[in-house]
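One structure is given here, and the rest of the page talks about it.
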Amino acid sequence: MSIVVNNITKLYGSQKALNNVSFSVETGQIVGFLGPNGAGKSTMMKIISCYIPPTQGTVTVCGFDILEQPLEVKKQIGYLPEHNPLYLDMYVKEFLEFVGGLYKIKNIKNRVAEMIELTGLQVEQKKKIGALSKGYRQRVGLAQAIIHDPKVLIMDEPTTGLDPNQLEEIRSLIIRLGKEKTVMLSTHIMQEVEAVCDKVIIINKGEIVANESTATLQKATQKQLYTVEFDKSISKNSLKSIEGVNEVTQLNDNTWQISTGIEKDIRKEIFDFAVQNKLSVLTLNKEEQKLEDVFKQLTK
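This is the structure:
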């Protein structure tokens with residue numbers, strides 16, 4: 090395992106940011122670490138990265154303990170925090186050479202050239218960082234996070250504020266990096282998780298509420314939702330009599346949301362029900378539940 094988190098609790102005074110959190114991340118996985126604002130995502134990432142200590146519990150990264158061997162842990166990790174800390178008055182190449190020097194990398198110029206090519210910074214490499222767009226600053230942040238060739242890459246909101254083209258490019262880079270490294274990223278963009286992540290860990294109010302592969306989580310919670318409006322009132326129990334219906338929720342007087350499994354489309358059954366009960370169907374919409382819906386259910 091690249092990352093093993095055991096019973097981590099973090100207190101800020103009397104406030105409990107993390108409550109007995111445990112999970113593991115396998116080598117070569119891309120893991121989406123999700124949760125609403127204030128759930129404890131950034132705190133957990135800072136603990137793994139040795140930026141802050143836990144109140145109790147243990148974390149190992151590539152076999153090294155964060156409290157007993159913090160320098161060894163930091164050698165294994167590349168970290169891109171939410172607020173990308175860059176020296177805006179430095180030039181791109183100058184900054185990356187500076188970071189490479191901190192890691193005592195041999196042949197720094199060659200390694201910087203590799204990072205510039207990998208992160209698509211060729212056109213901007215001679216500019217000051219302060220003159221770059223948000224997307225290119227994120228690329229510089231990624232370049233500094235991986236310049237020492239870490240085994241584990243941790244990224245906190247890596248695509249926030251990027252335009253669609255930049256977003257696609259950074260996602261492609263993350264997927265490429267995930268083939269060689271363990272990647273853990275936090276994000277609020279569910280499409281990003283579905284596109285790049287092998288596994289999803291969801292945290293809410295400092296506790297883990299889901300820890301599954303992306304496919305397993307989607308399959309276990311998949312359902313179809315139908316929103317139907319009739320011209321007259323109807324009882325909830327009568328709608329439940331339709332074959333295949335799991336749940337029924339009244340949205341307003343004559344509008345209902347009907348939930349079913351993924352196996353069968355029941356629009357015909359809904360129309361047959363309306364005919365039998367002398368109802369007119371004013372509207373009928375069908376949609377499949379997405380990871381975003383699962384997230385909302387788990388973090389309400």
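Counting the sequence shown from 1 gives a position; our numbering is that position plus 89. Positions of the beta carbon are idealized from the N, C-alpha and C atoms, including for glycine. Because the structure is a prediction, the values reported are computed rather than measured.
Original post:
When the Cα of N173 is compared with those of E206, K193, I194 and R228, which residue comes out closest?
Top reply: R228
Original post:
Can you list, in chain order, the residues of its chain whose CB lies under 8 Å from that of A363, leaving out five sequence neighbours each side?
Top reply: F319, S369 and V370
**OP:** May I ask whether a heavy atom of the ligand HEM can be found less than 8 Å away from the beta carbon of R228?
**Re:** In terms of ligand content, the structure shown is empty, and the ligand HEM therefore cannot be addressed.
Original post:
Mapping DSSP to helix, strand and coil, what is F339?
Top reply: Residue identity differs from the one stated: residue 339 is Gln in this sequence, not Phe. It is a strand residue.
Original post:
Do V298 and I92 have their CB atoms nearer than 9 Å?
Top reply: no
**OP:** Return the CA-CA distance between T248 and Y101, expressed in angstroms with no decimal places.
**Re:** 28 Å
**OP:** Excluding the 5 residues preceding and the 5 following Q118 in the sequence, name in chain order all residues of the same chain whose CB lies nearer than 8 Å to its CB.
**Re:** S91, G267, T271, V272, D287 and K288
Original post:
Does the Cβ-Cβ distance between Y180 and K217 come in under 9 Å?
Top reply: yes
Original post:
Can you name, in chain order, every residue of its own chain whose Cβ lies under 8 Å from the Cβ of V282, other than the five neighbours on each side?
Top reply: G121, L123, T276, V289, T303 and L380
Original post:
Between L175 and F187, which are expected to be in contact by the criterion C-beta below 8 Å, what is the C-beta distance as a whole number of angstroms?
Top reply: Not quite, the Cβ-Cβ distance comes to about 11 Å (not below 8 Å), so this is no contact.
Subject >> Straight-line gap, I166 to G127 (C-alpha atoms, nearest Å) >> reply: 24 Å
Original post:
Are the region 96-114 and the region 133-151 touching, with three or more C-beta to C-beta distances below 8 Å?
Top reply: yes
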